[in-house]
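Since the structure comes first, as structure tokens, the remarks are kept for the end.
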Amino acid sequence: MTNTIYVLNGPNLNLLGMREPEIYGTDTLDDIAGMLEDRGRELGLEIDMRQSNHEGHLVDWLHEAQAEGAKAVLLNAGAYTHTSIALHDAIKSIRTPVIEVHLSDPETREPFRHVSYVGMAAMDCVKGLGARSYVVALEKAAAL
Ligand code: CA2
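In numbering that gives the first Met the number 0, the protein residues as written are 0 to 143.
What follows is the structure in structure tokens.
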């Protein structure tokens with residue numbers, strides 16, 4: 000196993016910080032990557048942060064995380080959280096631990112966000128803390 004943590008981000012998260020700051024905060028994905036690099040350095044972890052608007056890329060990267068011996072995956076699948084049986088199956092198909100991450104708390108929002116196919120397969124979830132959700136999830140991954 001390596002000390003690399005894959006941090007996978009799904010659709011629209013490339014636009015973070017530009018709209019709906021009251022829900023998602025003002026940090027961009029690059030800002031979050033910087034926070035994770037800093038905390039990762041303290042924890043002795045390498046961060047491999049990626050974003051895609053395409054479901055299949057996220058599936059491929061979950062498989063890659065296992066093939067490359069990643070220590071864990073932090074996954075904010077965006078709206079695919081609530082729709083994707085493919086991501087659910089991909090998480091189940093790998094032995095690499097996957098922690099679900101959300102900036103907001105989807106369960107306090109519209110009913111269509113209350114189901115998480117990712118959460119049904121992931122080992123843990125950190126949500127509702129804004130950018131800090133990612134840092135707390137990284138700390139949980141470090142302890143695995
Ligand atoms: O709270 C989260 O992290 C979410 O995963 C964000 C997703 C949403 O579909 C999930 O229910 C919860 C949406 C990400 C949308 O990103 C935006 C970026 C810029 C402006 C508006 C939205």
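Backbone N, C-alpha and C define an ideal beta-carbon position, used for all residues, glycine too. Bear in mind that the values here come from a model prediction, so they are computed numbers and not experimental data.
Taking the C-beta atoms as reference points, T80 is found nearer than 8 Å to S115.
Not a single heavy atom of the ligand CA2 lies less than 7 Å from the C-beta of L137. In the DSSP assignment, D104 falls outside any beta strand (DSSP E), carrying neither H nor E. DSSP places M48 in the strand class (E or B) of the three-state scheme. Rounded to the nearest angstrom, the gap between the Cα atoms of S103 and R40 is 26 Å.
Three or more pairs of CB atoms, one per stretch, sit closer than 8 Å, so the region 26 to 37 contacts the region 2 to 15. With a cutoff of 7 Å, T1 does not count as near the ligand CA2, since its C-beta is closer than that to no heavy atom of the ligand.
DSSP places T3 within a strand segment (E or B) once states are collapsed to three. Apart from sequence neighbours up to five positions away, the residues of its chain that approach H101 with a beta-carbon distance below 8 Å are N75, T80, C124, V125, K126, G127 and S132, ordered along the chain. Taking 7 Å as the cut-off, the C-beta of S103 counts as close to a heavy atom of the ligand CA2.
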